[in-house]
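J.: In mature numbering (1 follows the signal peptide of the UniProt record, and there is no 0), the protein residues as written are -47 to -1, 1 to 396.
C-beta atoms are modelled at their ideal positions from N, C-alpha and C, and glycine is treated no differently.
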Amino acid sequence: MTRTTKEGKGEMTINRKMSRRALLKAGAGTAALLAAARLNFPGGAFAQTAGPEVTKAIFGYIALMDASPLVIAKEKGLFAKHGVPDVEVNKQASWGATRDNLVLGGEKNGIDGAHILTPMPYLISAGKVTQNNVPTPMYILSRLNLDAQAISVSNDYKNLKVTADASALKEAFAKKRAEGKEVKVAMTFPGGTHDLWIRYWLAAGGIDPDKDVSTIVVPPPQMVANMKVGNMDAFCVGEPWGEQLVNQGIGFSACSTGEIWAKHPEKALGIRAEYADKYPKATQAILMAVMEAQQWCDKPANRAEMSEIVGRRQWFNVPVADIIGRANGDINYGNGRVEKGTKQFMKFWQDHASYPFKSHDAWFVTEDIRWGKFEPTTDVKALVDKVNREDIWKSAAKALGVAAADIPASTSRGKETFFDGKVFDPENPSAYLKSLSIKRIEA
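1. Are valine 190 and glutamine 84 close, meaning C-beta to C-beta below 8 angstroms?
2. Which of the three DSSP states, helix, strand or coil, is assigned to serine 120?
3. Run through the DSSP bridge pairs and tell me what glutamate 245 is partnered with.
4. What does DSSP give as the partner residues of threonine 168 in its beta bridges?
5. Taking alanine 315 as the reference, give the member of Pro218, Gly66, Ile169 with the closest Cα.
6. Looking at the unbroken beta strand (DSSP E) that takes in residue 398, where does it start and where does it end?
7. Secondary structure at leucine 17, three-state DSSP: helix, strand or coil?
8. Where does alanine -12 sit, in a helix, a strand or coil, going by DSSP?
9. For a quick check, are the C-beta atoms of phenylalanine 205 and tyrosine 153 less than 8 angstroms apart?
10. DSSP three-state label for valine 82, please.
11. Please report the distance separating the alpha-carbon of glutamate 328 from that of glutamate 320.
12. Do you know how far the Cα of aspartate 39 is from the Cα of lysine 27?
13. Jot down the residue ranges of each uninterrupted beta strand (DSSP E) in the region 31 to 76, minimum 3 residues, whole runs only, in chain order.
14. Quick check: serine 307 and alanine 187, are their CB atoms within less than 8 angstroms of each other?
15. Nearest CA to the CA of alanine 50: which residue from His35, Gly30, Ile15?
16. Just how far apart, CA to CA, sit valine 337 and histidine 35?
17. Label asparagine 98 either buried or exposed according to how many other C-beta atoms from any shown protein chain fall within 10 Å of its C-beta, with 16 as the threshold for buried.
18. Is it the case that the Cβ atoms of valine 42 and valine 24 are separated by a distance below 8 angstroms?
19. When DSSP labels each residue in this structure, what does asparagine 285 get in the three-state scheme?
20. With 16 as the cutoff for other CB atoms within 10 Å, does arginine 342 come out buried or exposed?
21. The alpha helix (DSSP H) with glutamine 201 in it runs from where to where?
22. So what does DSSP say about alanine 280, is it helix, strand or coil?
23. Give the straight-line distance between the Cα atoms of tyrosine 92 and glycine 325, rounded to the nearest whole angstrom.
24. Just checking, does the region 261 to 274 make contact with the region 70 to 79 on the three C-beta pairs under 8 angstroms criterion?
Below, the structure is given as structure tokens:
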């Protein structure tokens, strides 16, 4: 960013003119800051290397629990600890706004990176969702979390006892359409994770998401209000909105997305390729701060504090009561089903949650081929290799002192099995596509 770069050059000039005595005094102050950082985070390794090229980047986030690592990295001073104290974490109105601001970039009053739906960096890089289809190259630096999105349904269907199996809705939706009424299903961005989860869920229940219902786009924080006034029959979004819906008695959760695909990848830390290529050290420093925040968020002892911090007005503006239950894996589905201590809480670090497996990105691209977002001729592996920068993650992990056992040896988690028995083999995406009965392409 121009202003920051100029400031950085100015600081370098001043530093060259500093006397040895001034340098020693500055060093003493730095040492105190380092000591304080170690005191606050005694469990994490602290890397002292050549400093980042710049100290600033602008990141966007949506009010969703999987943005917590960015919020915590800012609130706990982790960006400052890793040499990028001027990183901004700015709320975005929608995923469409996130896309538009990423296309602009930080130097043009946009953003440099974001808490983002994993497929979006692929769609943006390929120019599939940008104005005039102009590509904006992006990288995925890390995954932010696994699991903990919710598929919610209007109370109009509560008696059907819908779960991960959506088949009970097929007849009900057909009856509503026969009465001349529109069946609306909401997600947050075409081709994004929530779109793919609800499409998979519907299709597995024999409901065609393009022919049997109308899909609409609603920003996450507006989901509950829209269902309250009857604008939709079902929606998929991340927490805390599923829990808030139930707490307000407006609808119920059919399932948590981890019930569709256990330990599934969800959001990512995305960044403009231009920024990462220009400032590789700053990029790694930002990633290290977020990774350390993920470790903090993942500790059960920190869930209450995390919920309190992100719920504050300047971040999500959501009551802790709408966050803490599902953060702990305690789920009131809102239809008489209540389960305590489930595995459906959000994972930020455990189970290699932070590492961006290329095999997972291959599934997202393949699903977007399934629904017509990418051409059937798309070279899945080549696209993933271009966008997924797991090499930067591994470099950051080593610099952070992450244990070797927590750094995956392979870029693939192997074959993935879904709740309906379908299997995705990242080495053979076409076989997966052929196994699916409802899709927009002939595979």
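T.: Reading off the structure:
1. Working through the sequence shown from its first residue, we reach residue 190 at position 237. Working through the sequence shown from its first residue, we reach residue 84 at position 131. Not in contact: valine 190 and glutamine 84 (Cβ atoms no closer than 8 angstroms).
2. Locating residue 120 in the sequence shown gives position 167, counting from the first residue. The DSSP-derived three-state label of serine 120 is coil.
3. Residue numbering aside, residue 245 sits at position 292 when the sequence shown is read from its first letter. Note: glutamate 245 sits in no beta bridge, so no partner.
4. Here the question's residue 168 lines up with position 215 in the sequence shown. Its beta-bridge partners are Val138.
5. Working through the sequence shown from its first residue, we reach residue 315 at position 362. Comparing Cα-Cα distances from alanine 315 to each of Pro218, Gly66, Ile169, the minimum goes to Pro218.
6. Residue 398 is absent from the structure shown; the chain starts at -47 and stops at 396.
7. Taking the first residue of the sequence shown as 1, we reach residue 17 at position 64. In the structure shown, leucine 17 sits in coil (DSSP, three-state: anything other than H, G, I, E or B).
8. In the sequence shown, counting from the first residue as 1, residue -12 sits at position 36. Reliability fails at alanine -12, whose pLDDT of 42 lies under 50, so the model's placement of it is uncertain and the value that follows must be treated cautiously. DSSP places alanine -12 in helix when its eight states are reduced to three.
9. Your numbering for residue 205 matches position 252 in the sequence shown. Your numbering for residue 153 matches position 200 in the sequence shown. No, the Cβ-Cβ distance between phenylalanine 205 and tyrosine 153 is not below 8 angstroms.
10. For the purposes of this step, residue 82 is taken as residue 129 along the sequence shown, with counting starting at 1. The answer is coil: DSSP assigns valine 82 none of H, G, I, E or B.
11. Against the sequence shown, residue 328 aligns to sequence position 375. Against the sequence shown, residue 320 aligns to sequence position 367. If you take the alpha carbons of glutamate 328 and glutamate 320, they lie about 11 angstroms apart.
12. Position 74 of the sequence shown, counted from the first residue, corresponds to residue 27. Position 86 of the sequence shown, counted from the first residue, corresponds to residue 39. In this model, lysine 27 and aspartate 39 are separated by some 10 angstroms (Cα to Cα).
13. As far as the region 31 to 76 is concerned, its whole beta strand (DSSP E) runs of at least 3 residues are 41 to 44, 66 to 70.
14. For the purposes of this step, residue 307 is identified with residue 354 of the sequence shown, where counting begins at 1. For the purposes of this step, residue 187 is identified with residue 234 of the sequence shown, where counting begins at 1. Annotated as distal: serine 307 and alanine 187, with beta-carbon spacing of 8 angstroms or more.
15. Translated into positions along the sequence shown, residue 50 becomes position 97. Answer by Cα proximity: Ile15.
16. Reading the sequence shown from its first residue, position 384 is the one you call residue 337. Reading the sequence shown from its first residue, position 82 is the one you call residue 35. The alpha-carbon atoms of valine 337 and histidine 35 are separated by roughly 28 angstroms.
17. Against the sequence shown, residue 98 aligns to sequence position 145. Asparagine 98 is classed as buried because its beta carbon has at least 16 other beta carbons within 10 Å across all chains shown.
18. Along the sequence shown, read from residue 1 onward, the residue named residue 42 stands at position 89. Along the sequence shown, read from residue 1 onward, the residue named residue 24 stands at position 71. Yes, the Cβ-Cβ distance between valine 42 and valine 24 is below 8 angstroms.
19. As a first step, residue 285 is located in the sequence shown; it is residue number 332 there, counting from the start. Three-state result, asparagine 285: strand.
20. On the sequence shown, position 389 is the one that residue 342 refers to. Answer is buried; the Cβ neighbour count reaches 16.
21. Here residue 201 refers to the residue found at position 248 when the sequence shown is read from its first residue. First-last for glutamine 201: undefined, no H or E at that position.
22. Residue mapping note: residue 280 aligns to position 327 of the sequence shown, counting from 1. Reduced to three states, the DSSP call for alanine 280 is helix.
23. Residue mapping note: residue 92 aligns to position 139 of the sequence shown, counting from 1. Residue mapping note: residue 325 aligns to position 372 of the sequence shown, counting from 1. Computed Cα separation, rounded: 22 angstroms.
24. Put simply, the region 261 to 274 does not touch the region 70 to 79. Fewer than three CB pairs are less than 8 angstroms apart.
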